[in-house]
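To convert, take the position in the sequence shown, counting from 1, and add 56; that gives my numbering. For each residue, glycine too, the CB sits at the ideal point set by N, CA and C. Being a predicted model, the structure only gives us computed values, none of them experimental.
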Amino acid sequence: MKIESICSAINEGRVRITDHAEEEAIDDDLTFEEIYYSVMHGEVIEDYPRDRPYPSCLIMGRNFSGQVVHSVWAYNPENHWVVLITVYRPDPARWIDWRVRVKK
């Protein structure tokens, strides 16, 4: 998935936020402004093209203070809307350089 499509949808206000994402943002003390910022300056680290109902991806970015933020986004290619599925501050014990999952 192209991050540019997600950024464009965010910039144009075509965003839906799941209840789960909202709860996770609150739990991790993240504002949507900094989540969007992390996407605009982030990179796709995992791609899930077979997800349903829409393809999705995991984006790694940093908030205003440089802390790492992971967010999962789905993209509807028909209407160009995005859905923020979840967001979290990743556990360093579970990630290598914040981009690769540690294998169990």
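Among 126, 77 and 63, the one whose alpha carbon lies nearest that of residue 156
On the sequence shown, residue 156 is found 100 positions in, with the first residue counted as 1. Answer by Cα proximity: 126.
Nearest to residue 168 by alpha carbon, out of 69, 95, 129 and 71?
Outside the displayed span of the chain (57 to 160) sits residue 168, for which this structure offers no information.
With a Cβ-Cβ cutoff of 7 Å, do residue 81 and residue 138 count as a contact?
Counting from one through the sequence shown, the residue named residue 81 turns up at place 25. Counting from one through the sequence shown, the residue named residue 138 turns up at place 82. Contact: no.
Return helix, strand or coil for residue 75, following the three-state DSSP convention.
In the sequence shown, counting from the first residue as 1, residue 75 sits at position 19. If DSSP states are grouped into helix, strand and coil, residue 75 belongs with the helices.
Below 8 Å, how does it come out for the stretch 86-106 and the stretch 57-69: are there three or more Cβ pairs, yes or no?
yes
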